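Scroll down for the structure; my scribbles are underneath it.
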Amino acid sequence: MDTPQLALLALLIGVLLGGSVALVVGAAYRARDLAMVHASNDVPDGARDVLAGLDDPAVIVDPSGTVVAASIPAGAYGLAEGRTLPTEELALLARAARAGTATAPVTMRLQRRPSDQRAVSVRVRAITSRLILMVLRDVTEQERVEQMRRDFVANTSHELKTPVGAVVLLAEAVESAADDPAQVRAFAQRLHAEAVRLGTLTTRIMSLSRLQSEEPATMRDIAVDELIVAAIEAHSTSADAAGVELRRGGERGVHVHGDPQALGEAVDNLVANAVAYSPRGSHVGLGVKSQDGVVEISVADQGIGIAEADQERVFERFYRADQARSRRTGGTGLGLAIVKHAVQRHGGEVRLWSRPGQGSTFTIRLPLAVPGPDHDEAEDRKTKKKSKKKTARKDTTA
Ligand code: ADP
Numbered sequence: 183m184d185t186p187q188l189a190l191l192a193l194l195i196g197v198l199l200g201g202s203v204a205l206v207v208g209a210a211y212r213a214r215d216l217a218m219v220h221a222s223n224d225v226p227d228g229a230r231d232v233l234a235g236l237d238d239p240a241v242i243v244d245p246s247g248t249v250v251a252a253s254i255p256a257g258a259y260g261l262a263e264g265r266t267l268p269t270e271e272l273a274l275l276a277r278a279a280r281a282g283t284a285t286a287p288v289t290m291r292l293q294r295r296p297s298d299q300r301a302v303s304v305r306v307r308a309i310t311s312r313l314i315l316m317v318l319r320d321v322t323e324q325e326r327v328e329q330m331r332r333d334f335v336a337n338t339s340h341e342l343k344t345p346v347g348a349v350v351l352l353a354e355a356v357e358s359a360a361d362d363p364a365q366v367r368a369f370a371q372r373l374h375a376e377a378v379r380l381g382t383l384t385t386r387i388m389s390l391s392r393l394q395s396e397e398p399a400t401m402r403d404i405a406v407d408e409l410i411v412a413a414i415e416a417h418s419t420s421a422d423a424a425g426v427e428l429r430r431g432g433e434r435g436v437h438v439h440g441d442p443q444a445l446g447e448a449v450d451n452l453v454a455n456a457v458a459y460s461p462r463g464s465h466v467g468l469g470v471k472s473q474d475g476v477v478e479i480s481v482a483d484q485g486i487g488i489a490e491a492d493q494e495r496v497f498e499r500f501y502r503a504d505q506a507r508s509r510r511t512g513g514t515g516l517g518l519a520i521v522k523h524a525v526q527r528h529g530g531e532v533r534l535w536s537r538p539g540q541g542s543t544f545t546i547r548l549p550l551a552v553p554g555p556d557h558d559e560a561e562d563r564k565t566k567k568k569s570k571k572k573t574a575r576k577d578t579t580a
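This note's numbering puts the first residue of the sequence shown at 183, with every later residue one more than the last.
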């Protein structure tokens, strides 16, 4: 090997050695920086950006339990940068995470505002030897729905037990009174009434669970007149029998967009109640008004009214302000819950004005729909016919 070649080789070895040394030194610096971050309370690069992009409350806490970085929603739960964790339970969880003993999410209560206690599921993870990331998920709504579902199942079984028990007893009574035709007739009549009650209860339970499910409904433009006419037709027989006059007033020709079955049932339930809770000789008015993009369908009676304390609660499932009367009139305690859910599903609300002894007015408020040029009037008429047929069927079962 001659001298220039030797020089070239030496240069190459020198470059390789120099490069390796630079790499080793660079890695050592990075390891030192990382170790410093681990041993310090400095939030690792990028962590703040991640927190800023989170929709859930999340914080990074140091060993003293002080929040060193927080997502925007965390503030509402009393978790803000520079503040210590608001509860001992959270502090304990952070310590457990640091000790490496906490992995599974833990559900706990946190006070959001003095009157607003929230259920949150908290996940913790150590991101350095000193810093803990805590991510919270608000599960209040989930818990409430779960509780409602449990209550519904318990109440439904309880409500079904009464008529089912009555049917069994009455069937036994019919059997043992076989030799007495008058008694058999009386028991058979009561048996029929209990069977109808059971049928109504089952139908309403199914309506309510359909309204509460995510199942998409068939939506179309509906003429409000169609809902009013169907409700009046469905209740004219029972209103006549109760000596209550049904009157119609207000605007004609307004439309809403929605599920005709659900909205029809809502108006129907209001009229059924108005008749059931009204005295003989009174009248029930059905009115329609549209204003500022909202359609109001009101059902006003001159009946027994509802005490102020009960006015919110009557929309709860199985709540009856007047237990005895509701049972006497074959009430299920589900009618108004169905109205509320049906209307809310359409982006509307139900309002109630009532005064004991004077009467009640229930008002359904729904967004006004302006039917497009392709709106099918023939479809309106078809559904009206269908609802007439349904009404006739209802009357024969009532
Ligand atoms: P029900 O089938 O028992 O009528 P609802 O859910 O329809 O059940 O109504 C709940 C309760 O609200 C009724 O039991 C009754 O006490 C009260 N209520 C409903 N509508 C009226 C009304 N128009 N006038 C007086 N009380 C009413």
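Idealized CB from N, CA, C, for every residue including glycine. Being a predicted model, the structure only gives us computed values, none of them experimental.
Taking the CA atoms as reference points, residue 305 sits about 48 Å from residue 479.
Looking from the CA of residue 392, the closest CA among 307, 344, 443 belongs to 443. With contacts defined by Cβ atoms closer than 7 Å, residue 322 and residue 300 form a contacting pair.
Here residue 291 is exposed, its C-beta having fewer than 16 other C-beta atoms within 10 Å. The criterion of a C-beta distance shorter than 7 Å is not satisfied by residue 419 and residue 387. It is roughly 14 Å from the alpha-carbon of residue 287 to the alpha-carbon of residue 277.
Runs of the beta strand (DSSP E) lying entirely within the segment 427-500 and spanning at least 3 residues, in chain order: 427-432, 437-440, 465-473, 476-482. Contact check for residue 312 against residue 245 passes: the beta carbons are separated by less than 7 Å. Around the beta carbon of residue 510, fewer than 16 other beta carbons lie within 10 angstroms, which makes this residue exposed.
Secondary structure in the segment 259-316: the beta strand (DSSP E) runs of 3 residues or longer, each lying completely within the stretch, are 288-295, 298-308 in chain order. Distance from residue 483 to residue 508 at the Cβ level is roughly 15 Å; contact not present, criterion being Cβ atoms closer than 8 Å. Comparing alpha-carbon positions, the option among 453, 394, 356 lying closest to residue 370 turns out to be 356. Classified as buried, residue 379 has 16 or more neighbouring CB atoms from the shown chains inside 10 Å of its CB. The three-state secondary structure of residue 338, taken from DSSP, is helix.
Looking at 451, 425, 446, 411, the one whose alpha-carbon comes closest to that of residue 464 is 425.
Residue 454 and residue 490 have their C-alpha atoms roughly 21 Å apart.
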